[in-house]
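These notes concern the structure reproduced below.
In the working numbering, the protein residues as written are 212 to 355.
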């Protein structure tokens with residue numbers, strides 16, 4: 212009927228499996244009305260049981276965003292390491308031309324303190340002045 216290597220076979224098989232999985236999911240799921248607020252969007256009045264917002268520093272997001280271009284640049288350097296013997300001095304100049312904007316951008320980020328992170332994120336300012344009692348810092352629940 213159908214050859215297993217034929218695209219027609221997969222165009223019929225994939226929708227059948229998808230519909231079958233959706234039907235199985237519908238039959239297995241719990242249909243209780245206990246959590247009726249969870250079906251609506253959050254912005255329209257979801258009543259949470261506790262405070263769901265926690266504070267965090269934007270610096271961690273900046274580091275995650277800055278990690279992407281540097282990581283991609285480093286993965287682009289990998290082929291050069293494999294062909295360094297064949298490319299000679301021309302390949303070295305291409306590599307330096309490739310790395311120069313990366314190095315300059317990294318220096319600019321350091322000078323602008325874009326990747327500077329404080330060692331302690333303390334909201335309770337009285338704990339900063341009390342350096343002798345380190346246990347107070349770790350036991351106070353309002354510090355983080």
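Ideal Cβ positions, reconstructed from N, Cα and C, are used throughout, including at glycine.
**Prompt:** Taking the alpha-carbon positions, what's the residue 292 to residue 305 distance?
**Reply:** Translated into the one-based positions of the chain shown, residue 292 becomes position 81. Translated into the one-based positions of the chain shown, residue 305 becomes position 94. One C-alpha to the other measures close to 13 Å.
**Member of 214, 280, 279, 302 whose CA lies at the smallest distance from the CA of residue 290** = Here residue 290 corresponds to residue number 79 of the chain shown, with the count starting at 1. Of the listed residues, the one whose Cα sits closest to residue 290 is 302.
**Message:** With H, G and I counted as helix, E and B as strand and the rest as coil, what does DSSP make of residue 242?
**Reply:** Here residue 242 is taken as the residue at index 31 of the chain shown, counted from 1. In the structure shown, residue 242 sits in coil (DSSP, three-state: anything other than H, G, I, E or B).
**Asked** Is there contact between the segment 267 to 276 and the segment 231 to 240, where contact requires at least three CB pairs shorter than 8 Å?
**Response** no
**Prompt:** Under three-state DSSP, which class holds residue 275?
**Reply:** In the chain shown, the residue the question calls residue 275 occupies position 64. Helix.
**Message:** If contacts are defined as beta-carbon pairs under 8 Å, then residue 281 and residue 310 qualify, I think. What distance do you get, rounded to the angstrom?
**Reply:** In the chain shown, the residue the question calls residue 281 occupies position 70. In the chain shown, the residue the question calls residue 310 occupies position 99. In this structure residue 281 does not touch residue 310 by the C-beta definition: roughly 11 Å separates them, more than the 8 Å allowed.
**Asked** Along the chain, where does the alpha helix (DSSP H) that runs through residue 294 open and close?
**Response** Residue numbering aside, residue 294 sits at position 83 when the chain shown is read from its first letter. Taken as a continuous stretch (DSSP letters only), residue 294 belongs to no alpha helix (DSSP H), as it is neither H nor E.
**Item:** Coarse secondary structure for residue 216, derived from DSSP in three states
**Value:** To locate residue 216, count along the chain shown from 1; it is residue 5. It is coil, neither helix nor strand.
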